[in-house]
Amino acid sequence: MPLELITLPCLTDNYAYLLHDAASGDTALVDAPEAAPVLAALQARGWHLTDILLTHHHGDHIDGVAALVAATGARVTGAAADAHRLPPLDRAVAEGDSFTLGGEAVHVLDVSGHTIGHIAFHLPGAGLVFTADSLMAMGCGRLFEGAPALMWQSLSKLAALPPETLVCSGHEYTASNLRFALSLEPAHPALILRGDKISAARAKGQPTVPSRLSDELATNPFLRARDPALKAAIGMAGAPDAAVFAELRARKDKF
4 MPLELITLPC
14 LTDNYAYLLH
24 DAASGDTALV
34 DAPEAAPVLA
44 ALQARGWHLT
54 DILLTHHHGD
64 HIDGVAALVA
74 ATGARVTGAA
84 ADAHRLPPLD
94 RAVAEGDSFT
104 LGGEAVHVLD
114 VSGHTIGHIA
124 FHLPGAGLVF
134 TADSLMAMGC
144 GRLFEGAPAL
154 MWQSLSKLAA
164 LPPETLVCSG
174 HEYTASNLRF
184 ALSLEPAHPA
194 LILRGDKISA
204 ARAKGQPTVP
214 SRLSDELATN
224 PFLRARDPAL
234 KAAIGMAGAP
244 DAAVFAELRA
254 RKDKF
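Just so we're aligned: 221 in our numbering is position 218 of the sequence shown, and the numbers increase by one with no gaps anywhere.
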């Protein structure tokens with residue numbers, strides 16, 4: 004049986020994710036903004052939390068860890084490079100490491116840029132990648148610690164995953180990210196179509212994540228920094244991809 008994925012709204016605009024394997028009973032939480040919604044979701048389904056996977060050290064991704072560990076005894080996994088800023092880790096991992104969850108291989112990717120030591124969890128068998136504040140729906144995280152070239156390297160790594168992969172990102176920023184993308188290319192047909200879908204989802208109170216990587220490749224300006232059409236639209240025809248990404252991120256920071 005495939006892993007069951009639950010998207011959990013937390014705080015004001017965060018998302019955490021539950022992954023459950025019915026055969027083994029393994030249940031993992033990816034990021035822990037707060038404990039109460041997670042515990043409520045577990046109780047409603049009769050699941051026991053076995054693992055907590057952390058992407059980076061920011062409080063809106065880890066503040067629920069202590070309460071959840073106290074309530075469930077879950078094992079905590081996070082980046083070895085970020086261990087000094089994370090809750091106590093039972094398993095410290097780095098780029099290239101892998102482990103198993105409910106019979107599914109989980110591969111660790113270093114996606115530094117938003118922070119140094121930010122990691123993503125890729126489950127190729129399940130077609131999932133948990134990217135938190137690196138690659139986001141229609142956007143990417145602010146560069147609080149990494150240089151633009153580093154973030155572009157991280158996004159390029161994620162862009163190379165199979166296009167059918169579901170991107171499980173950490174925030175409901177999609178509508179504002181779309182407005183930025185449309186400010187660059189207001190007549191782009193794929194952007195307009197995706198905008199209609201985003202508006203419909205939000206009108207129903209539905210999350211806009213996870214998103215399909217193929218949709219991000221087609222519409223997310225930060226993944227399209229290599230696209231000649233976008234380069235031309237922002238007056239950077241022929242410029243290096245990393246330089247275009249840096250310009251896009253600088254513009255978004257002021258948007």
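By construction, the Cβ of each residue, glycine as well, lies at the ideal position given by its N, Cα and C atoms. A quick note: this is a predicted structure, and the numbers were derived from the prediction, not measured.
When the options are compared against residue i, the one with the closest alpha-carbon
i, options, result
"R205", "R229, S179, S217", "S179"
"P5", "L216, F225, L104", "L104"
"L226", "G241, F248, A232", "F248"
"R254", "F183, D85, D63", "F183"
"L161", "L181, E98, R48, K200", "E98"
Classification of residue i by the beta-carbon crowding that lies within 10 angstroms, buried from 16 upward
i, result
"S137", "buried"
"L196", "exposed"
"S27", "exposed"
"G67", "buried"
"H87", "exposed"
"A35", "buried"
"A19", "buried"
"P231", "exposed"
Distance, residue j Cα to residue i Cα
i, j, result
"T211", "L185", "17 Å"
"G198", "K257", "21 Å"
"A77", "V170", "24 Å"
"V33", "H60", "13 Å"
"A39", "D16", "15 Å"
"A43", "A108", "27 Å"
"V96", "A31", "16 Å"
"G144", "H117", "5 Å"
"L57", "S202", "30 Å"
"V41", "D244", "40 Å"
"E7", "P91", "27 Å"
"A2", "G238", "A query on residue 2 cannot be resolved here, the shown segment of the chain reaching from 4 to 258 and no further."
"P12", "T75", "20 Å"
"L21", "K200", "24 Å"
"L45", "I9", "10 Å"
"Q209", "E175", "10 Å"
Cβ distance (whole Å) where residue i is taken to contact residue j below 8 Å
i, j, result
"T177", "A140", "4 Å"
"L126", "P166", "Not really, about 16 Å apart at Cβ, beyond 8 Å."
"V111", "D100", "5 Å"
"R252", "L158", "Not confirmed; about 10 Å, so no contact."
"A135", "G81", "Rounded, the Cβ-Cβ distance is 12 Å, inconsistent with contact."
"T222", "L194", "5 Å"
Three-pair Cβ contact test at 8 Å for the stretch 143-160 versus the stretch 124-131: no
For the stretch 211-224 against the stretch 109-126, are there 3 or more C-beta pairs whose distance is under 8 Å? no
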